[in-house]
Amino acid sequence: MMEHIITNGGLHTSNVMFDNLYPETIRRLSKHHWTPVAIARQAAHFLADAPGRRVLDIGSGVGKFCLIGAYFYPEAHFYGVEQRKELYAHAESARTLTQQANVHFIHGNFTALDFEDYDNFYFYNAFFENLDEGNRIDHQIEFSESLFVYYSQYLYTVLDHKPAGTRLVTFHSLENEVPPRYEVRGASADRLLKMWEKV
Ligand SMILES: C[S@@+](CC[C@H](N)C(=O)[O-])C[C@H]1O[C@@H](n2cnc3c(N)ncnc32)[C@H](O)[C@@H]1O
0 MMEHIITNGG
10 LHTSNVMFDN
20 LYPETIRRLS
30 KHHWTPVAIA
40 RQAAHFLADA
50 PGRRVLDIGS
60 GVGKFCLIGA
70 YFYPEAHFYG
80 VEQRKELYAH
90 AESARTLTQQ
100 ANVHFIHGNF
110 TALDFEDYDN
120 FYFYNAFFEN
130 LDEGNRIDHQ
140 IEFSESLFVY
150 YSQYLYTVLD
160 HKPAGTRLVT
170 FHSLENEVPP
180 RYEVRGASAD
190 RLLKMWEKV
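Residue numbers (numbering that gives the first Met the number 0): 0 to 198.
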């Protein structure tokens, strides 16, 4: 059954098929927490703008953005950092199942990374769980408004230090983490997906 999923050509274009890589508990979270396949492809197109680009998903969950991006842009490297060990483990399992070589998952907090190691960034509102009591992935970690502020400011600072030409894609973002020198280069019609470049 799983072999069928992997070899079927629709895997990276169908949310239902892709989500079938994961157990039911993870599939149920997809609508609110994992990037839809079409959005992931569009974001990856903007971020993998040259061969060898190192794209980091800040808060990579079960790896959906990275795995789809890596499939469509095999000359780029996709990295995902995820604080929840269980989600990281699901991302690793999906990576093994899809045999995607240009994806690397890291378990930890994004604040532990050296941002020099990455060129472009994807951000799907990873810190919002701290404010949104009714829609959390689980209750295994600590949440607070001050963590939201701390993480948003931390990300703002590291993005602000990146060189001109750095690309960022935000999805459902409140934009607190986007420094003013990032200019919008494109957006979806509903403005939930935004493509930015540092000038
Ligand atoms: C909305 S989900 C997006 C998942 C994935 N990027 C995607 O698009 O499918 C945000 C994820 O960010 C993770 N996250 C939140 N804060 C984090 C932090 N400080 N360091 C690492 N991961 C974090 C959460 O655990 C959650 O899995």
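Where a beta carbon is used, it is the ideal one built from N, C-alpha and C, also for glycine.
Bear in mind that the values here come from a model prediction, so they are computed numbers and not experimental data.
Distance CB(residue i)-CB(residue j) smaller than 8 angstroms
i: serine 151; j: asparagine 175; result: yes
i: valine 80; j: isoleucine 57; result: yes
i: alanine 90; j: glycine 62; result: yes
i: phenylalanine 120; j: serine 59; result: no
i: valine 177; j: leucine 192; result: no
i: glutamate 144; j: isoleucine 136; result: no
i: alanine 88; j: glycine 68; result: no
i: tyrosine 153; j: tyrosine 117; result: no
i: arginine 166; j: leucine 86; result: no
Extent of the continuous alpha helix (DSSP H) run through residue i
i: asparagine 119; result: Note, asparagine 119: premise wrong, no alpha helix (DSSP H); beta strand (DSSP E) at 119 to 122.
i: glutamate 182; result: Counting along the chain, glutamate 182 falls outside any alpha helix (DSSP H), though it belongs to the beta strand (DSSP E) covering 181 to 186.
i: lysine 161; result: Run containing lysine 161: none; DSSP gives neither H nor E here.
i: valine 102; result: Valine 102 -> not in any alpha helix (DSSP H); beta strand (DSSP E) instead, spanning 102 to 106.
i: histidine 44; result: 36 to 46
i: valine 15; result: 14 to 18
i: isoleucine 140; result: That residue, isoleucine 140, is in no alpha helix (DSSP H); it is neither H nor E in DSSP.
i: threonine 24; result: 23 to 26
Nearest-angstrom Cα separation, counted from residue j out to residue i
i: leucine 173; j: tyrosine 123; result: 10 angstroms
i: alanine 100; j: histidine 138; result: 32 angstroms
i: phenylalanine 147; j: valine 157; result: 16 angstroms
i: glutamate 2; j: arginine 94; result: Unreliable positioning characterises glutamate 2 in this predicted model, as indicated by a pLDDT of 46, which lies under 50. The coordinate reading is nonetheless provided below. Whole-angstrom Cα-Cα distance: 14 angstroms.
i: valine 198; j: glutamate 23; result: 43 angstroms
i: tryptophan 195; j: tyrosine 149; result: 22 angstroms
i: aspartate 48; j: lysine 161; result: 16 angstroms
i: phenylalanine 71; j: isoleucine 140; result: 33 angstroms
i: threonine 12; j: proline 73; result: 16 angstroms
i: histidine 31; j: aspartate 131; result: 12 angstroms
i: alanine 188; j: isoleucine 25; result: 28 angstroms
i: serine 92; j: arginine 83; result: 14 angstroms
i: tyrosine 155; j: glycine 9; result: 37 angstroms
i: alanine 125; j: histidine 171; result: 10 angstroms
i: alanine 75; j: arginine 52; result: 5 angstroms
i: methionine 0; j: valine 15; result: The predicted position of methionine 0 is uncertain, since its pLDDT is 46 and thus under 50; a value taken from the coordinates is nonetheless stated next. Going by the C-alpha atoms only, they are around 15 angstroms apart.
i: tyrosine 181; j: threonine 34; result: 22 angstroms
i: arginine 184; j: leucine 55; result: 19 angstroms
i: threonine 44; j: aspartate 113; result: According to the sequence as given, residue 44 is histidine; it is not threonine. Spanning the two alpha carbons is a distance of roughly 24 angstroms.
Boundaries (first-last residue) of the beta strand (DSSP E) holding residue i
i: arginine 53; result: 53 to 57
i: threonine 169; result: 166 to 170
i: tyrosine 78; result: 76 to 81
i: glutamate 201; result: Nothing about residue 201 can be reported from this structure: the residues present for the chain run from 0 to 198 only.
Any non-hydrogen atom of ligand 2 closer than 7 angstroms to residue i Cβ
i: phenylalanine 170; result: The ligand content of the structure shown is limited to ligand 1, which means ligand 2 is not among them.
Exercise. With distances taken from each beta carbon to the nearest heavy atom of ligand 1, which residues come in below 6 angstroms, in chain order?
Worked result: Checking every Cβ against the heavy atoms of ligand 1 under 6 angstroms gives His32, Trp33, Thr34, Asp56, Gly58, Ser59, Gly60, Lys63, Phe64, Val80, Glu81, Gln82, Arg83, Leu86, Asn108, Phe109, Tyr123, Asn124, Ala125, Phe126, Ile136 and Tyr150.
Exercise. Hey, is the region 9 to 24 in contact with the region 62 to 72, meaning 3+ C-beta pairs nearer than 8 angstroms?
Worked result: Touching, yes.
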